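J.: First the structure, then my questions, so here it is.
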Amino acid sequence: MKTASPPGPKGLPLLGSLLDLRKDKLGFLTSLAKTYGDFVHFRVGPRNAYLVSRPDCVHEVLVEQPKRTPKEWIHQRIVAPFFGNGVVTSNGAVHDRQRRLAQPAFQPRRLDNYCRIFVEQALEGIREWRSGGEYEIDTEMLRITIQNVSLTLFSADATDIVPRAASAMTDILGLLGREYDIAFPIPMWVPSEYNRRKQAAIREINEIVMKFVEDWRRTGQDKGDLLSMLMLAHGERGDVTHDDLRDNMIAMFSAGHETTAFTLVWAWILLARHPEVEAALWEELDRVLGGRPPTADDYPRLAYTTMIIKETLRIYPTGWLLFPRETTEDLVLGGYPIPKGSMLYVSPYVIHRDPTYFPDPERFDPERFRSGAEKQLPRGAYIPFGLGPRVCMGQHFALMEAVLTLATVAQRYRVSILAKQPLVPSGSLALRPPRGVHVRVDARYPTAAAAA
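Put into structure tokens, the structure is as follows:
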């Protein structure tokens, strides 16, 4: 065992690197890895903190020792007013129970049924597009993904609430992101404009998801979706509370639409910058689909489309920084002694830029994920959905949704970026593209607009 700490910045007296972390978390953590390597020690105020990017150490933290490295309490407290104590924020036995409640909605046998909805909503989302028209692609993708999560997980048509839901979600995640960035929870009882906005956004989302509950109760029909599972368990088991319902629905509604929408926006940006990849995508879509909409049977055959999404998730993983972990006891990691109470930062964004595993890491190259290549990577080197017992339970849902939406839209339209602002990511709760990414869409063939 090594006796010294990993390399890292000295930081300021008392504050350590707290100011750098609060000013630009994404830039700071990225610079740490570039300067000091794949295991870095720094301080956040008086606390020891470590940026862990070595795949074997990442695997140990997330898979082998999750009970000794639970989610850190300060960051949990920040998001608790919105996410409650659901599957996103809970630890230990509570997390295991919440996960068991929601997991059946993502079983493989259900995903094939979701495929039809993904394609239908992509077609509906672009139905009013016109060749040569200009749109904000982030708004367009959010509208599609909100409908997807509403119809698949809650069997509810969200057409009428899309503007409300999108606005409220943007507000609440932006506001919580500010607290998350400064690692300081602002108590809800503090009278401020900030808290008033936060409470209003939370109320709006609560009303939306509880309307889904009211609509379900009118029939009480088991539709095989997440809401039916939660409602039936709520009626049959005393340990499934109203808060369980609310917290899990909020988690799935928020995580289930915004993350995929962001992934799709980044995919459009990358495709517009790389016409050779775009051409290869069209070749596959024309060859596999022959002009018809994709189906569940086509999904495994859309190999290159899937490679594009996987490479997009490598460069721009929406979950760019996993919830910081906190060590509950002294442990040894990567040969270094890690004291109890330390914070462990694991960033897929940083890990995915290690040239050891991804040569020329800033280059967009879907060929990295050609059949079998991903399996050659060490465990912990590619983790767009996390890893271990807290891995995103909706990862296959999200990948299928992104692939089929991209295929359905790209089959019909070329998307060109008109945005004049720098298209750089913003790292807070999620890795966001800029708001209002302006694009022009052009039909790939004369009947595209009519087909859409």
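Its first residue numbered 146, the sequence shown is counted upward by one per residue in this note's numbering. Where is the CB? At the ideal position from N, CA and C, for every residue including glycine. Please read these numbers as outputs of a predicted model, since none were measured by experiment.
Rounded to whole angstroms, what's the CA-CA distance from Ala555 to Gly270? Just pull it up for me.
T.: Answer to the nearest angstrom: the Cα atoms are 13 angstroms apart.
J.: Suppose the cutoff is 6 angstroms on Cβ atoms and the five residues either side in sequence are ignored; what does the same chain contact list for Asp257 look like?
T.: So the list reads Ala441, once near-sequence residues are dropped.
J.: State buried or exposed for Ser312, treating a residue as buried only when at least 16 other CB atoms are found within 10 Å of its CB.
T.: When all chains shown are included, Ser312 counts as exposed.
J.: Would Lys168 and Tyr481 be called neighbours here (beta carbons separated by less than 8 angstroms)?
T.: Not a contact, by the Cβ cut-off of 8 angstroms.
J.: Can you name the start and end residues of the alpha helix (DSSP H) that Tyr181 belongs to?
T.: Unbroken alpha helix (DSSP H) run through Tyr181: 170-181.
J.: In angstroms with no decimal places, state the Cα-to-Cα distance between Arg363 and Met314.
T.: For Arg363 and Met314, the distance between alpha carbons rounds to 27 angstroms.
J.: Hey, would you say Ala396 sits closer than 8 angstroms to Gly231, going by beta carbons?
T.: It is a contact, given that the beta carbons lie within the stated cut-off.
J.: State the start and end residues of the unbroken alpha helix (DSSP H) segment that holds Asp278.
T.: In the sequence on display, residue 278 carries Gly and not Asp. Looking at the DSSP string, Gly278 is not in any alpha helix (DSSP H); the run it does join, the beta strand (DSSP E), is 278-281.
J.: Cβ atoms of Ser399 and Arg192: under 8 angstroms apart, would you say?
T.: Going by C-beta atoms, Arg192 is not nearer than 8 angstroms to Ser399.
J.: For Arg585, does the three-state DSSP call read helix, strand or coil?
T.: Three-state DSSP puts Arg585 in a strand.
J.: Is Glu273 helix, strand or coil when you go by DSSP?
T.: It is coil, neither helix nor strand.
J.: One question on the structure: do Ala194 and Leu409 come within less than 8 angstroms of each other, judged by their Cβ atoms?
T.: It is not a contact, given that the beta carbons lie outside the stated cut-off.
J.: Can you list, in chain order, the residues of its chain with a C-beta nearer than 7 angstroms to that of Leu563? Leave out the 5 residues immediately preceding and following it.
T.: Counting only Cβ-Cβ distances below 7 angstroms, and skipping sequence neighbours, we find Glu279, His583, Val584, Arg585.
J.: Can you tell me whether Tyr339 is buried or exposed, with buried defined as 16 or more other CB within 10 angstroms of its CB?
T.: Exposed, by the Cβ-count rule.
J.: Whose C-alpha, out of Leu174, Val203, Gly581, is nearest the C-alpha of Ile528?
T.: Selected option, being the one with the closest Cα: Val203.
J.: Pull the bridge partners of Ala194 from the DSSP assignment, please.
T.: Phe187, Met488, per the DSSP bridge assignment.
J.: Quick one: residues in its chain with C-beta nearer than 6 angstroms to the C-beta of Arg446, no 5 flanking neighbours on either side, listed in chain order?
T.: Val433, listed in sequence order.
J.: Give the single residue among Leu375, Asp431, Leu415 whose Cα lies nearest to the Cα of Leu568.
T.: For the residues Leu375, Asp431, Leu415, the minimum Cα distance to Leu568 belongs to Leu415.
J.: How about Val233: is its C-beta nearer than 8 angstroms to some C-beta of chain C?
T.: Structure shown: chain C not included; a single protein chain is present.
J.: Under 8 angstroms by Cβ, that's how I've got Gly572 and Leu321 pegged, so tell me the actual separation to the nearest angstrom.
T.: Gly572 to Leu321, Cβ: 14 angstroms. No contact.
J.: Can the beta-carbon of Tyr490 be found less than 8 angstroms from the beta-carbon of Leu466?
T.: Yes, these two residues count as a Cβ contact at 8 angstroms.
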